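Q:
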Amino acid sequence: MYLKIDYSIIAIDLPSHNKSSKFPDISLDLYVDVIKEIVNNLESLNVIIGGNSMGGVITQEYYYRYPKNVSALILCSTGGKMRVSPFIFNTIKNNYQDYLDFLRIALFYRKTPKNIVDNTILETSQTDPDVTYNDFKICDAFDTLNKSSTIDVPCLIICGKADQLTPVKYSQFFDDKIKHSELSIIDKAGHAVMTEKPKQVNKAIEDFIQKYFNNK
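Counted the way the numbering used here counts, the sequence shown spans residues 3 to 218.
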C-alpha cells in the first residue's frame, strides 16, 4: 500500500497466518489482543485501525473494547453481522482446493484481470485450512449490529459494488448508523476491492485522512 500521506503504515500477519507464529488456539480475543499490543507500543496520537472482511470484524471489536485508543476506523468489505454459508464450511473441511476455486468466483468482479485473481488466491492458499475454517467461525459468530451507532470516531467505509460476500447493503448500514462516516463504493470491484482497485481504495483513504486529520 502506497499512500500519499505523512503516516506510518503497519500491516500485520495475524497469528497462524503467513509468516506469523503458529498458535494452538485461535480466537477473536487473541486477534484483538495482538492489535492492542501493537497499538500500546506505538508512539502516536492518531491511531487509525482498519481491516478488510474478518479484519473489519477485528477492527470493530477492538474499537468497542478500547474506544479511547482509536482516532478513526477504516472498515472495508465487512459488516456488523457476518453470517457464513454452510457451503463454505463444508467446502473448506472436505476439499480445500474446491474452496480456493470457489473464491475465484466469489471474491472478484467478473472482469478482474486473471493475474490479480491468481496472486490473491495464491496468497490465500498459504493459510492452513484449519485456520481458515476457524476464521470463518469467528465471522459467523460475530454480531454487533446493535453497537454500530455507538462508533464515535470518523469511519471510512469501503466496499466493492459487486461484492457477493459482504453486499453493499452491509456498508450502507454502517453509513446510516455511524455519525461521522464516509462511504466509498468502488465500481467494478468485489470483495477483494483493495487488490482489484488499489488506486481507488488508496485515494479514498487519502481523502479521508486529509479531511479529518491533515487539515487540522
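Virtual Cβ for every residue (Gly too), placed ideally from N, Cα, C.
Since the model is a prediction, treat every value here as computed from it, not as a measurement.
#1: Along the chain, where does the beta strand (DSSP E) that runs through A74 open and close?
#2: Please state the DSSP three-state secondary structure of G2.
#3: So the alpha helix (DSSP H) S173 belongs to, where does it begin and stop?
#4: May I ask you to report which of helix, strand or coil DSSP gives S10?
#5: For V170, I'd like the list of residues in its chain whose CB is within less than 7 Å of its CB, leaving aside the five on either flank, ordered along the chain.
#6: How far does the alpha helix (DSSP H) with E125 in it extend, from its first residue to its last?
#7: With distances taken from CA atoms, which of S22, F91, L30 is nearest F144?
#8: When you compare the CB positions of L102 and I123, do they come within less than 9 Å of one another, or not?
#9: Please report the distance separating the alpha-carbon of S73 from that of D154.
#10: Could you please give the first and the last residue of the uninterrupted beta strand (DSSP E) stretch that includes L158?
A: According to the data block:
#1: The sequence position of residue 74 within the sequence shown is 72, counting from 1. First-last of the beta strand (DSSP E) with A74: 74 to 78.
#2: There is no way to answer for residue 2, as the model of the chain reaches only from 3 to 218.
#3: Translated into the one-based positions of the sequence shown, residue 173 becomes position 171. Here the alpha helix (DSSP H) through S173 covers 170 to 179.
#4: Counting from 1 along the sequence shown, the entry for residue 10 is found at position 8. Three-state result, S10: coil.
#5: Taking the sequence shown and counting its residues from 1, the one referred to as residue 170 is at position 168. So the qualifying residues of the chain are C161, K163, I187.
#6: As a working note, residue 125 is residue 123 in the sequence shown. From DSSP, the alpha helix (DSSP H) with E125 extends over 116 to 127.
#7: Working through the sequence shown from its first residue, we reach residue 144 at position 142. The candidate whose alpha carbon is nearest that of F144 is L30.
#8: Start at 1 with the first residue of the sequence shown, and residue 102 comes out as number 100. Start at 1 with the first residue of the sequence shown, and residue 123 comes out as number 121. Yes, Cβ-Cβ distance for L102 and I123 is below 9 Å.
#9: Working through the sequence shown from its first residue, we reach residue 73 at position 71. Working through the sequence shown from its first residue, we reach residue 154 at position 152. So the two alpha carbons sit approximately 9 Å from each other.
#10: Taking the first residue of the sequence shown as position 1, residue 158 is located at position 156. Unbroken beta strand (DSSP E) run through L158: 157 to 162.
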